[in-house]
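Student:
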Amino acid sequence: MSTATESVKQAFTSMTNNAKVADLKRNTVEVTPSTGMTTDHGVFISDTDNWLRVSDGENHGASLLEDQIAREKIHRFDHERIPERVVHARGTGAHGYFKVFEDSPASKYTYAPVLTDSSRTTPVFVRFSTVQGSRGSADTVRDVRGFAVKMYTEEGNWDLVGNNIPVFFIQDAIKFTDIIHAVKPEPHNEVPQGQSAHNNFWDFVGLQPESAHMVCWAMSDRAIPRSFRMMQGFGVNTYTLINSAGERFFVKFHWQPELGVHSLVWDEALKLAGQDPDFHRKDLEEAIVNGAPPKWTLALQIIPEKDEHNFDFDILDATKLWPVELVPLQEIGEMVLNKTVDEFFPETEQVAFCTSHIVPGIGFSDDPLLQGRNFSYFDTQITRLGGVNWEQLPINRPVCPVMNHHRDGQHQSYIHKSPVNYWPNRKGAGPPVPVEKGGYQEQKLAGIKQRIRTPKFQEHFNQAQLFVNSLAPHERAHMIAAFSFELSHCDDPVVYETYTKLLNNIDFDLAKEVAANVGGIVPDKPGRPNNGKKSFGLSQLDFAPQKPTVKSRRVAILLADGVDASGVLVMKAGLKAGGAVPYVIAPRRGNISTSGGGENVWADHHFDGQRSTMFDAIYIPNGNELYGKTLRANGQLMHWILEAFGHCKTIAGIGEGSKTIAFTLSHFLTELSFSSTDSDKVVTSYGVITAGSYSLKSAATDVLNIASGGDQGFISNFACEISKHRCYERELDGLASKVAY
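When you line the sequence shown up against UniProt numbering, it's residues 1 to 741, in that order.
1. Suppose the cutoff is 6 Å on Cβ atoms and the five residues either side in sequence are ignored; what does the same chain contact list for R554 look like?
2. If we count the other Cβ atoms within 10 Å of its Cβ and call it buried at 16 or more, is H460 buried or exposed?
3. Assuming the contact rule is C-beta atoms closer than 8 Å, V100 and I332 should be a hit. Round their C-beta distance to whole Å, please.
4. Between N396 and V351, is the Cβ-Cβ spacing less than 8 Å?
5. Check each candidate in I288, H181, G734, L160 and name the one with the smallest Cα separation from V251.
6. In the DSSP output, what is K146 paired with across the bridge?
7. Starting from W217, follow the alpha helix (DSSP H) in both directions and report where the run begins and ends.
8. Classify K547 as helix, strand or coil using the three-state DSSP reduction.
9. Would you list the residues sitting across from Q301 in a DSSP beta bridge?
10. Beta-carbon within less than 6 Å of S708's beta-carbon, same chain only, minus the 5 sequence neighbours each way: which residues are those?
11. Report the three-state DSSP secondary structure of A296 (helix, strand or coil).
12. Do you know whose CA, among N425, G387, A603, lies nearest N404's CA?
13. Around the Cβ of W296, are there at least 16 other Cβ atoms within 10 angstroms (buried) or fewer (exposed)?
14. Which of the three DSSP states is assigned to P225 in this structure?
15. Considering only DSSP beta bridges, list what I689 is partnered with.
16. From P360 to S244, what does the alpha carbon distance come to, in whole angstroms?
17. Could you tell me whether the Cβ atoms of I94 and V131 are closer together than 8 Å?
18. Using DSSP with H/G/I as helix, E/B as strand and the rest coil, what is G57?
19. Quick check: the Cα distance between Q465 and D507, rounded to an integer number of angstroms?
20. Do three or more CB pairs link the segment 264–275 to the segment 306–315 at distances below 8 Å?
21. Could you give the DSSP three-state label for S263: helix, strand or coil?
22. Return helix, strand or coil for A700, following the three-state DSSP convention.
23. Out of curiosity, what's the CA-to-CA distance linking L575 and V550?
24. Helix, strand or coil for L65, going by three-state DSSP, please let me know.
25. With T498 and G206 assumed to form a contact (beta carbons below 8 Å), what rounded beta-carbon distance in angstroms separates them?
26. What does the alpha-carbon distance come out to for the pair C720 and K572?
27. Could you check the C-alpha separation between G409 and G387 for me, to the nearest Å?
28. Three Cβ pairs or more, each shorter than 8 Å: is that satisfied between the segment 54–65 and the segment 22–40?
29. Which term fits C400, buried or exposed, when burial requires 16 or more other beta carbons within 10 angstroms of its beta carbon?
30. Just grab the DSSP bridge partners of M151 for me.
31. Among D49, L735, F98, K533, whose alpha-carbon lies nearest the alpha-carbon of P323?
32. Are the segment 607–626 and the segment 586–595 in contact at 8 Å, needing three or more beta carbon pairs?
33. I'd like the span of the beta strand (DSSP E) that includes L558, first residue to last.
34. Considering only the beta carbon of each residue, do H254 and L329 sit closer than 8 Å?
35. Is T660 helix, strand or coil by DSSP?
36. So for M231, helix, strand or coil by DSSP?
Rendered as structure tokens:
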């Protein structure tokens with residue numbers, strides 16, 4: 001191994017080797033050619049292909065039940081599976097760390113070192129997931145995404161078990177079983193899988209108006225994220241913080257992604273569910289492996305305890321958010337995911353999160369959803385992971401010492417050297433600690449036992465309306481289409497008529513359009529007035545990256561034999577310099593001949609092996625005349641162009657590539673402008689960048705200075721358009737709907 005390679009490897013190992021990764025090494029088994037195969041009880045195995053049987057050398061006789069090796073192999077296989085999670089079964093995870101900013105304001109609100117000590121680097125494990133589908137469902141379905149963070153702090157494990165949406169369907173945990181039963185596949189036929197477009201879900205939410213706000217989020221682009229790395233995370237529930245002076249504060253936790261908040265479009269999400277059902281989990285791994293570790297900033301919303309009742313909504317209501325105009329975000333630290341798992345099952349599948357796992361300085365509020373979650377999350381692990389000792393599993397155990405008098409149970413792995421297993425005891429062993437070392441902080445409570453929801457919990461539509469009002473025009477159009485898609489899959493008129501009537505309490509125009517699309521009763525007047533209020537941070541456009549970037553964006557370079565090699569090599573270099581991930585796609589995988597007869601270009605995939613849905617942008621380089629004719633005669637390549645255009649993605653081409661793009665799109669569109677074939681002028685039109693000819697010799701670093709417009713160079717224009725994520729003007733001006741894809 002070269003010195004440079006070894007240095008890189010050592011640097012990477014140092015960067016990813018935190019306290020939890022080191023802890024897991026105690027249970028990590030290296031499988032190498034030098035380690036011979038054994039049984040589970042340690043006896044070497046010389047033959048794992050043939051069951052022990054009677055034979056005369058010519059004929060098979062009976063297989064013998066005494067063959068422990070064969071029986072063990074089958075026994076272990078028969079019992080490999082464990083119960084999947086009741087919700088959030090489909091997921092993926094990664095390791096990383098959290099570090100507090102040096103100027104963090106958190107010490108004003110909490111004494112928890114994980115949130116205040118900037119000298120610490122806290123190991124984390126994060127699991128992203130969908131909610132409705134089973135373990136084998138697709139990644140890109142319309143659904144809430146789980147965003148669960150386990151922090152292995154020096155004071156114990158802290159689990160922040162959240163979603164990518166800041167609110168939830170219900171206010172009270174007692175309704176949790178009902179909402180999950182309703183959204184899950186219907187009991188009579190176990191259909192549908194991985195989606196909410198069916199009678200039972202829409203029946204329930206139509207009769208449970210407290211869900212209106214959350215349903216609007218679920219019908220927005222937030223429910224079809226482009227990547228786990230490009231979505232926010234929210235703690236959802238209201239927690240409390242307590243500072244060193246004993247003052248208590250209410251808190252909401254937010255994770256803000258470095259790359260901005262971006263989504264797929266619905267047609268793309270549907271296709272990806274079949275073309276690449278593991279799209280999101282592969283995307284996460286690809287980013288980490290390629291040196292673009294996902295990053296989020298942790299921000300807090302803080303309300304002093306004395307101000308709890310100063311709002312027109314109840315701050316303990318999980319169906320409500322705290323508008324940032326009323327409760328500003330305060331950034332306190334950064335989380336980085338920089339290591340993939342070594343083995344999925346013992347890490348991602350066996351990891352267990354509990355909202356009840358908090359550390360000193362962080363506490364619970366009286367949020368009625370949180371109170372029930374605190375019971376449910378712990379309870380479900382006992383069944384799923386085979387008993388009460390699930391916290392001893394390597395991925396779940398803390399990195400700090402654990403000491404108590406809990407004993408025995410299935411899968412007990414600790415050996416306690418003590419004659420006593422109770423408190424108080426004559427040895428004074430394992431005593432409780434005083435409050436100043438992390439004990440429970442007292443809180444005075446007074447009330448009457450009753451089944452009730454207070455007046456502020458009775459209002460359900462103000463914030464749903466606030467969310468709808470705050471969306472950008474294309475986001476609103478996507479929401480209308482999503483409601484229409486979902487309700488059109490409900491075949492009971494009572495269901496879709498009830499829900500379109502409910503929508504009229506949120507927005508009159510929204511209700512009219514959806515009702516007309518799905519055959520509901522079109523309202524003739526608003527159910528309630530729209531006050532026109534908006535809030536920052538609800539539209540995804542509010543979360544553009546602070547600096548335009550193409551980091552980790554996937555770019556397909558489409559080409560064929562006769563391509564200009566320099567146009568490929570320099571574009572790849574420029575994109576990689578900006579952190580993008582380019583792939584060469586051609587009629588076949590392998591060597592592709594070049595126009596000058598020089599060194600071949602290697603194609604990573606063939607046109608049918610990948611699809612435009614799997615990339616953020618496409619680029620078609622120049623080549624000789626025969627190359628151009630080959631491109632324009634290839635229906636698969638033209639489909640790539642049309643589909644990418646319909647999905648509002650950036651498309652770029654030079655020379656013959658430019659001519660091919662113009663040839664393909666001009667059949668459908670007259671609104672686009674293209675560069676003339678004999679001009680080196682760069683033309684950008686609706687996210688399509690073309691140049692008749694262009695010198696790329698000095699453009700390798702052009703992408704680092706992304707242009708904000710004008711003739712700044714082909715690569716910089718290309719990168720600038722990619723950084724915008726999509727050109728939604730195509731939809732708003734009716735161009736995308738003119739293209740067949």
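Note that the Cβ used here is the ideal one computed from N, Cα and C, for glycine as well.
Everything numeric in this text was worked out from a predicted model, so none of it was measured.
Tutor: On the basis of the coordinates in this document:
1. The sequence position of residue 554 within the sequence shown is 554, counting from 1. Within the same chain, V581, F615, D616 come within 6 Å of R554 by CB-CB distance, once the 5 residues on both sides are set aside.
2. Within the sequence shown, the letter at position 460 stands for residue 460. Answer is buried; the Cβ neighbour count reaches 16.
3. Translated into the one-based positions of the sequence shown, residue 100 becomes position 100. Translated into the one-based positions of the sequence shown, residue 332 becomes position 332. Contact holds; Cβ gap of about 6 Å.
4. Working through the sequence shown from its first residue, we reach residue 396 at position 396. Working through the sequence shown from its first residue, we reach residue 351 at position 351. Yes.
5. The count along the sequence shown starts at 1 and reaches residue 251 at position 251. Of I288, H181, G734, L160, the residue nearest in Cα terms is L160.
6. The sequence position of residue 146 within the sequence shown is 146, counting from 1. One point to set straight first is that residue 146 is Gly, not Lys, in the sequence displayed. Beta-bridge pairing links G146 to S129, N163.
7. Looking up residue 217 in the sequence shown gives position 217. Segment 212–218, the alpha helix (DSSP H) holding W217.
8. Locating residue 547 in the sequence shown gives position 547, where the first residue counts as 1. In the structure shown, K547 sits in coil (DSSP, three-state: anything other than H, G, I, E or B).
9. Taking the sequence shown and counting its residues from 1, one reaches residue 301 at position 301. Paired residues: K252, L329.
10. Residue numbering aside, residue 708 sits at position 708 when the sequence shown is read from its first letter. Note that S708 has pLDDT 48, beneath the 50 cutoff, so the model's placement of it is unreliable and the number below is only indicative. Excluding five sequence positions before and after S708, none of the CB atoms of its chain fall closer than 6 Å to its own CB.
11. Along the sequence shown, one-based indexing puts residue 296 at 296. In the sequence as presented, Ala is not what sits at residue 296; that position holds Trp. Under the three-state reduction of DSSP, W296 is assigned to strand.
12. By 1-based counting over the sequence shown, the position of residue 404 is 404. Ranking the options by Cα distance to N404, first place goes to N425.
13. Numbered from 1 along the sequence shown, position 296 holds the residue referred to as residue 296. Counting C-beta atoms within 10 angstroms of its own C-beta, W296 has 16 or more neighbours from the protein chains shown and is therefore classed as buried.
14. Along the sequence shown, one-based indexing puts residue 225 at 225. Note: P225 maps to strand in three-state DSSP.
15. One-based indexing of the sequence shown puts residue 689 at position 689. Answer by DSSP bridge pairing, in chain order: A652, T684.
16. Locating residue 360 in the sequence shown gives position 360, where the first residue counts as 1. Locating residue 244 in the sequence shown gives position 244, where the first residue counts as 1. Roughly 11 Å between the two C-alpha positions.
17. Along the sequence shown, one-based indexing puts residue 94 at 94. Along the sequence shown, one-based indexing puts residue 131 at 131. What sits at residue 94 in the sequence shown is Ala, not Ile. In this structure, V131 does not lie closer than 8 Å to A94 by Cβ.
18. As a working mapping, residue 57 is identified with position 57 in the sequence shown. G57: coil per DSSP, three-state reduction.
19. Taking the sequence shown and counting its residues from 1, the one referred to as residue 465 is at position 465. Taking the sequence shown and counting its residues from 1, the one referred to as residue 507 is at position 507. Spanning the two alpha carbons is a distance of roughly 7 Å.
20. no
21. Here residue 263 is taken as the residue at index 263 of the sequence shown, counted from 1. It is a strand residue.
22. Here residue 700 is taken as the residue at index 700 of the sequence shown, counted from 1. At A700 the pLDDT is 48, less than 50, meaning the model places this residue with poor confidence; the figure from the coordinates comes in the next sentence. For A700, the secondary structure class from DSSP, reduced to helix, strand or coil, is coil.
23. Translated into positions along the sequence shown, residue 575 becomes position 575. Translated into positions along the sequence shown, residue 550 becomes position 550. If I take the Cα positions, the gap works out to 8 Å.
24. Translated into the one-based positions of the sequence shown, residue 65 becomes position 65. L65: coil per DSSP, three-state reduction.
25. Taking the first residue of the sequence shown as 1, we reach residue 498 at position 498. Taking the first residue of the sequence shown as 1, we reach residue 206 at position 206. With 8 Å as the limit, T498 and G206 qualify as a contact, their Cβ atoms being about 4 Å apart.
26. Locating residue 720 in the sequence shown gives position 720, counting from the first residue. Locating residue 572 in the sequence shown gives position 572, counting from the first residue. C720 and K572 have their alpha carbons spaced roughly 16 Å apart.
27. The residue labelled residue 409 in the question sits at position 409 within the sequence shown. The residue labelled residue 387 in the question sits at position 387 within the sequence shown. Approximately 7 Å between the Cα atoms of the pair.
28. no
29. Taking the first residue of the sequence shown as position 1, residue 400 is located at position 400. Classification of C400: exposed, given that the 10 Å Cβ count is below 16.
30. Position 151 of the sequence shown, counted from the first residue, corresponds to residue 151. Bridge partners of M151: V124, W158.
31. One-based indexing of the sequence shown puts residue 323 at position 323. Check the Cα spacing between P323 and each of D49, L735, F98, K533: the tightest is with K533.
32. Under the 8 Å Cβ criterion, the segment 607–626 counts as touching the segment 586–595, having at least three qualifying pairs.
33. As a first step, residue 558 is located in the sequence shown; it is residue number 558 there, counting from the start. Note, L558: beta strand (DSSP E), 554–558.
34. Indexing the sequence shown from 1 puts residue 254 at position 254. Indexing the sequence shown from 1 puts residue 329 at position 329. In this structure, L329 lies closer than 8 Å to H254 by Cβ.
35. Along the sequence shown, read from residue 1 onward, the residue named residue 660 stands at position 660. T660 falls in the helix class under three-state DSSP.
36. For this step, residue 231 is matched to residue 231 along the sequence shown. In this structure, M231 counts as coil in the three-state DSSP scheme.
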